[in-house]
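Numbering (the UniProt record's numbering), first residue to last: 1 to 359.
Only one structure is covered here, and it is reproduced in the block below.
Laid out in structure tokens, this is it:
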């Protein structure tokens, strides 16, 4: 099979011929039809993101995919050859222990236990076939009207869906999304509407992107263009909420200033929840007494529960999740370097998708 192999972070990335993997105990081999690229894939490959930890040998990168089960290993009882599936990089150890290790297959691992998991499952999806644990694979064979490229675009939604599940978003609630004009923040607006949020307040700095979000659901989506001034932005967010919010979801990207996150916190009603799922290069100065008096919860969230993709697909099946805002740009597998460059400059509504069998 054709596969992209990365020597190490910052090392050579080469398109090579490798044997098609054999199914392993507890796993499946999937013929990959399409996968979507992270916006930061180029920086990741070039070793510019030091928080990532990869196998100590050449490996196949890539953390998601859509395809068909090619072969099934022992200890897999539900997935069948020929079944259409989506693959998730997020894999959590299945032992019944208090603190199971987790990795992102084809992306990263953190901690000794996670590194042992990564040694067992080192390779990702940027190949014609991928070997994955069965628990990281979700059936999708009842959506024939969605082609592989369209399904690959749902990868954009699964991460914020995990954060909104963590924040216990309920139908009818008011939600603030800080960092709403980024790729994941935009997807968070889409998913929140599908989950029944009565009002979504999208906060960001890109006014054109905010206007696009406002048009998603006039009346339900309100926008706030951040100024960087704490008092001004907090007042504007509260006004857009029509009072205070039940939940705030923070998806700022590589932020060097915590002001916007603190404005989102201060937009909450008593007992409100703030979910942190973005990235910040500076500490978050949490106001202790203010937090205590308001009974606010601050929740960190990494990725999503194991059943999240199945639940996200339920929103898609029911017609609640509208994917029409997003548009794809498709590259063949052989053009991965060009696709990574495109992903680095894509807008918040563009998904760069790899077609694994198009030349």
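Heads up, the beta-carbon is just placed ideally off N, CA and C, and yes, glycines get one too.
Inter-residue CB distance, residue i and residue j (contact presumed, cutoff 8 Å)
i	j	result
residue 7	residue 58	5 Å
residue 354	residue 37	7 Å
residue 92	residue 100	5 Å
residue 33	residue 357	7 Å
Sheet register partners of residue i (DSSP bridge)
i	result
residue 257	Residue 257 is not bridged to any residue.
residue 64	88
residue 83	The partner list for residue 83 (beta bridge, DSSP) is empty, contrary to what the question assumes.
residue 58	BP columns for residue 58 are empty, so no partner.
residue 273	247 and 297
residue 177	202 and 249
residue 364	With the chain represented from 1 up to 359, any question about residue 364 goes unanswered, as that position is not in the structure.
Same chain only: Cβ atoms within 6 Å of residue i, ignoring 5 sequence neighbours per side
i	result
residue 222	201 and 240
Proximal residues to residue i (C-beta, below 8 Å), its chain only, five neighbours per side dropped
i	result
residue 206	181 and 348
residue 189	177, 180, 200, 202, 213, 216 and 221
residue 153	36, 323, 326, 328, 351 and 353
residue 309	86, 88, 138 and 158
residue 284	258, 261, 262 and 276
Assigned secondary structure, residue i (DSSP; H/G/I helix, E/B strand, else coil)
i	result
residue 88	strand
residue 99	coil
residue 34	strand
residue 189	helix
residue 218	strand
residue 285	coil
residue 352	strand
residue 70	strand
residue 11	coil
residue 311	helix
residue 137	strand
residue 366	The shown model of the chain, from 1 to 359, leaves out residue 366, and the question about it has no answer.
residue 332	strand
residue 262	helix
residue 170	coil
residue 125	coil
residue 234	helix
Contacting residues, own chain, Cβ-Cβ under 7 Å from residue i (five flanking each side not counted)
i	result
residue 267	176, 234, 237, 238, 241, 244, 245 and 248
Task: the region 120-128 touching the region 92-106, judged by at least three CB pairs closer than 8 Å - done: yes
- [ ] Would you check if there are 3 or more beta carbon pairs closer than 8 Å linking the region 53-72 to the region 148-168?
- [x] yes
Open item on the list: For the structure I just gave you, are there three or more beta carbon pairs, one from the region 311-321 and one from the region 285-293, closer than 8 Å?
Closed with: no
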